[in-house]
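So the structure is just underneath, and the comments pick up after that.
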Amino acid sequence: MSTHKPGYEDRASYTRVACIGAGFSGIGLGATLKRWHNFDDIRFFERHPDSGGTWWANRYPGIACDIPTGLYSFSFELDPNWGRFLSSGGEIKAYHDRVRDRYCLRDKIAFSTEAYRCEWDDGSSLWTVYLRDRKTGEEYSHKCQILFSAAGQLVVPRKCDIPGSAKFKGRIMHSAEWDSSLDLKDKNVVVLGNGCTAAQIVPSILPEVKHLTQIVRSKHWIVPTINPRYSSWMKWIFRYIPLTMRVHRFLIFFLLERGWPAFQMTKKGMELRQRRRVMAEKYIRKKAPEKYHDLLIPDFEIGCKRRIFDSSGYLKSLNAENITLTNGKPLEIVSEGIKIDKGFIAADVIVLATGFQTSEFFHGMDIFGRNGLSVKEHWSKYPGPTAYNSCAISGFPNFFMLLGPNSATGHTSAIIASENAINYSLRILKPVIAGKATTVELKQEAEDLYTREVQAALGETVFNAGGCQSWYIQDRKWNPTMYPWSQAYMWYRSLFPIWSDWNIEVRLACGTRNAL
């Protein structure tokens, strides 16, 4: 039996819209509802003590975005004040907070609140969200007509999988749980992992540590990039000359979209990838010490897994005297360090740059649609998670996901993908928001057809056929992560919904139903 917070039920027991998560996608949803419909009857439930999603959780040294922030921002809130072409995590979090406050959304967020169960009631055509206060453990519920999940996939850090961690006398911490009070000066530090996060952490902490050993678990293509500062006169132009900021954004979008063909398994795609591969290999050989070339240069197609954009000077930092790279396999953590198959590494601090648990889209939350069917049961009909247009599933009325299955891009901004999903969802929901319909629900046959098309298209991309093992793919066969087409195409689909793929239902006053 759930217990309700004193006074909470009167304050927010029902809103027409509820959203799980208050990161960029959640805030984008709230802002777009205000912009399009002057609608603010919404409640957000955020598991963290502050909003911002991944940009609140990840505060490790050197954190930055590898997508130009002229594009890694909302199209309706262009900012002329970015400091650099690629902004730091702190700048991005501050931008998020400004947008949240501009649209008066902070007071609509219940912080440190975890949704653990959502149930659709066919009789009332309402969702019930069961919630838990993470500080007090108190449980209560909230009802809504429309439910969004903007919880994100990169939520739960991947825990240490090396035996013996309890024996370690020093500190073990995941990059997403960074303790800024920890003094690394004159410490022996081991960084486990060598993906994008590690490539930002290593050069940032290297000057202060006694010695850093990085354990290379897999190879990644590392490519050069630029990160110039925006000058004061450029910011003045963006601020005062009409359309210049929007033209700047469009040019970035256009240049990144031009790179999409390189991810396709076509003759043109192969040629583009070969040119990129030659450039990347030349860059690695030029910047990194020769003794590490074999540890760094992959043998799979570029783009098969996420590339590392070397804006932080990672490769250059490998020339320092106080760093060692090894591909030794960790065997056991002991009190003074890590035993590997090639010897022993002394450590005072172990940093886990090992990513997140990516096998689930609703961590710690069960969602039940019509007839008590759960999302997990629904997805068991397929080899893995799937969603129509990355945001909807049949049997779950008035329910949408933001950055759901098959929404990730390999070439452009996640904010664009999120906006496309928001815009599409709100176009479908327009009759419900306007009070002309009770529910909108995806047809099963539309979901089946879309799923077949997505997985077939992914089979013709480097994500599936590039010869690497990545977190994009489950059981090496089903890709629930990547979007197989360009974001320009997703934008087009968001503008022109296929209405025949949807059931729109009106519940009449006498209790009968009528489909539009």
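In full-length UniProt numbering, the protein residues as written are 1 to 516. Ideal placement from N, C-alpha and C gives every residue a C-beta, glycine not left out. Here the structure is a predicted model, which is why all the values come from computation and not from measurement.
*Close Cβ partners of Gly-70 (< 6 Å) along its chain, the five nearest in sequence each way excluded*: Translated into positions along the sequence shown, residue 70 becomes position 70. Within the same chain, Gly-70 has close Cβ partners His-248, Arg-249, Ile-252.
*Kindly confirm or deny that the segment 486-497 and the segment 451-460 touch, where touching means at least three C-beta pairs closer than 8 Å.*
no
*Note down, one range per segment and in chain order, each alpha helix (DSSP H) of at least 4 residues found wholly within the segment 354-420.*
375-379
*May I have the straight-line CA-CA distance separating Asp-493 from Glu-360, to the nearest angstrom?*
On the sequence shown, residue 493 is found 493 positions in, with the first residue counted as 1. On the sequence shown, residue 360 is found 360 positions in, with the first residue counted as 1. It should be pointed out that residue 493 corresponds to Arg in this sequence rather than to Asp. Going from the Cα of Arg-493 to the Cα of Glu-360 covers about 26 Å.
*Exposed or buried, Met-1, counting other C-beta atoms within 10 Å across all chains shown (16 or more means buried)?*
Mapped onto the sequence shown, residue 1 falls at position 1. A caution first: Met-1 carries a pLDDT of 37, below 50, which makes its placement in the model unreliable, though a value can still be read off. With fewer than 16 Cβ atoms within 10 Å of its Cβ, Met-1 is classed as exposed.
_For the beta strand (DSSP E) containing Pro-330, name the first residue and the last one._
The residue labelled residue 330 in the question sits at position 330 within the sequence shown. Per DSSP, Pro-330 belongs to the beta strand (DSSP E) from 330-334.
*How many Å lie between Ala-176 and His-48 at the Cα?*
Locating residue 176 in the sequence shown gives position 176, where the first residue counts as 1. Locating residue 48 in the sequence shown gives position 48, where the first residue counts as 1. Approximately 12 Å, taken between the alpha carbons.
*Using 10 angstroms around the beta-carbon of Glu-9, count the other beta-carbons present and answer buried if the total reaches 16, otherwise exposed.*
Locating residue 9 in the sequence shown gives position 9, where the first residue counts as 1. The pLDDT assigned to Glu-9 is 48, lower than 50, so where the model puts this residue is not dependable; a value taken from the coordinates is nonetheless given after this. Its Cβ having fewer than 16 others within 10 Å, Glu-9 is exposed.
*Can you give me the start and stop residues for the beta strand (DSSP E) that Asn-464 sits inside?*
For the purposes of this step, residue 464 is taken as the residue at position 464 of the sequence shown. Element bounds for Asn-464: not the beta strand (DSSP E) but the alpha helix (DSSP H), 462-465.
*Using DSSP with H/G/I as helix, E/B as strand and the rest coil, what is Ile-302?*
Taking the sequence shown and counting its residues from 1, the one referred to as residue 302 is at position 302. In the structure shown, Ile-302 sits in coil (DSSP, three-state: anything other than H, G, I, E or B).
*Assign Ile-67 to one of two classes, buried (16 or more other C-beta atoms within 10 Å of its C-beta) or exposed (fewer than that).*
Translated into positions along the sequence shown, residue 67 becomes position 67. Answer is buried; the Cβ neighbour count reaches 16.
*Can Gly-337 and Ala-346 be called in contact, C-beta distance under 8 Å?*
Here residue 337 refers to the residue found at position 337 of the sequence shown. Here residue 346 refers to the residue found at position 346 of the sequence shown. Contact: yes.
*Element boundaries [alpha helix (DSSP H), containing Thr-451]*: Numbered from 1 along the sequence shown, position 451 holds the residue referred to as residue 451. Segment 444-458, the alpha helix (DSSP H) holding Thr-451.
*How long is the line joining the alpha carbons of Trp-499 and Ile-393, rounded to whole angstroms?*
Sequence index remark: in the sequence shown, residue 499 carries index 499 (1-based). Sequence index remark: in the sequence shown, residue 393 carries index 393 (1-based). C-alpha separation (whole angstroms): 15 Å.
*Just confirm the distance between the C-beta atoms of Phe-263 and Phe-463, as a whole number of angstroms; I'd bet it's less than 8 Å.*
What you label residue 263 is simply residue 263 of the sequence shown in a count that begins at 1. What you label residue 463 is simply residue 463 of the sequence shown in a count that begins at 1. Yes, they are in contact, since the Cβ atoms of Phe-263 and Phe-463 sit about 7 Å apart, within 8 Å.
*Go ahead and label Met-342 buried or exposed: buried means 16 or more other beta carbons lie within 10 angstroms of its beta carbon, across all protein chains shown.*
Position 342 of the sequence shown, counted from the first residue, corresponds to residue 342. According to the sequence shown, residue 342 is Lys rather than Met. Counting Cβ neighbours within 10 Å, Lys-342 comes out exposed, since fewer than 16 surround it.
*If you compare alpha carbons, which of Lys-108, Thr-113, Arg-117, Tyr-72 is closest to Tyr-95?*
Start at 1 with the first residue of the sequence shown, and residue 95 comes out as number 95. Closest by alpha carbon: Tyr-72.
*Whether Gly-62 touches Ser-181 by CB criterion (8 Å)*: As a working note, residue 62 is residue 62 in the sequence shown. As a working note, residue 181 is residue 181 in the sequence shown. Contact flag unset, no.
*When we look at the beta-carbon of Ala-434 and count the other beta-carbons within 10 Å, is it buried (16 or more) or exposed?*
Here residue 434 refers to the residue found at position 434 of the sequence shown. Ala-434 comes out exposed.
*If we count the other Cβ atoms within 10 Å of its Cβ and call it buried at 16 or more, is Cys-65 buried or exposed?*
Here residue 65 refers to the residue found at position 65 of the sequence shown. Buried: at least 16 other Cβ atoms inside 10 Å.
_Boundaries (first-last residue) of the beta strand (DSSP E) holding Phe-44_ = What you label residue 44 is simply residue 44 of the sequence shown in a count that begins at 1. Per DSSP, Phe-44 belongs to the beta strand (DSSP E) from 42-45.
_List, from N- to C-terminal side, the alpha helix (DSSP H) runs of 4 residues or more that fit wholly inside the segment 123-175._
none
*Nearest-angstrom Cα distance between Ser-51 and Arg-100?*
Indexing the sequence shown from 1 puts residue 51 at position 51. Indexing the sequence shown from 1 puts residue 100 at position 100. The alpha-carbon atoms of Ser-51 and Arg-100 are separated by roughly 9 Å.
*Have a look at the DSSP bridge pairing and note the partners of Gln-264.*
The residue you call residue 264 lines up with position 264 of the sequence shown. Bridge partners of Gln-264: Thr-461.
*Is the segment 182-198 touching the segment 209-226 in the sense that three or more CB pairs, one from each, lie closer than 8 Å?*
yes
*Trp-236 to Thr-136, Cα distance in whole Å?*
Locating residue 236 in the sequence shown gives position 236, counting from the first residue. Locating residue 136 in the sequence shown gives position 136, counting from the first residue. Going from the Cα of Trp-236 to the Cα of Thr-136 covers about 48 Å.
*Look at the Cβ atom of Trp-502, then the Cβ atom of Thr-358, and state whether they are nearer than 8 Å.*
Numbered from its first residue, the sequence shown carries residue 502 at position 502. Numbered from its first residue, the sequence shown carries residue 358 at position 358. No; because the gap between Cβ atoms is not below 8 Å, this pair is not in contact.
_Suppose you measure from the CA of Ile-146 to the CA of Pro-224; what does that come to, to the nearest Å?_
Here residue 146 corresponds to residue number 146 of the sequence shown, with the count starting at 1. Here residue 224 corresponds to residue number 224 of the sequence shown, with the count starting at 1. Distance between the alpha carbons of Ile-146 and Pro-224 is about 44 Å.
*asked:* Quick check: the segment 402-422 against the segment 112-128, are at least 3 beta-carbon pairs closer than 8 Å?
replied: no
_Can you tell me whether Tyr-230 is buried or exposed? The criterion is at least 16 other CB atoms within 10 Å of its CB, across all chains shown._
Counting from one through the sequence shown, the residue named residue 230 turns up at place 230. With 16 or more other Cβ atoms within 10 Å, it is buried.
*Check whether the segment 155-171 touches the segment 283-302, counting contact only when three or more Cβ pairs, one atom from each stretch, lie closer than 8 Å.*
no
*In three-state DSSP terms, what is Glu-505?*
As a first step, residue 505 must be located in the sequence shown, where it is residue number 505. If DSSP states are grouped into helix, strand and coil, Glu-505 belongs with the strands.
*Integer Cβ distance of Gly-410 from Gly-303, believed to fall under 8 Å*: Translated into positions along the sequence shown, residue 410 becomes position 410. Translated into positions along the sequence shown, residue 303 becomes position 303. Rounded, the Cβ-Cβ distance is 6 Å, consistent with contact.
*Mark Gly-83 as exposed unless 16 or more other C-beta atoms lie within 10 angstroms of its C-beta, in which case mark it buried.*
Counted from its first residue, the sequence shown places residue 83 at position 83. Gly-83 should be labelled exposed.
_What does the alpha-carbon distance come out to for the pair Ala-57 and Thr-481?_
One-based indexing of the sequence shown puts residue 57 at position 57. One-based indexing of the sequence shown puts residue 481 at position 481. Distance between the alpha carbons of Ala-57 and Thr-481: 21 Å.
_For the beta strand (DSSP E) containing Tyr-116, name the first residue and the last one._
By one-based count along the sequence shown, residue 116 stands at place 116. First-last of the beta strand (DSSP E) with Tyr-116: 113-121.
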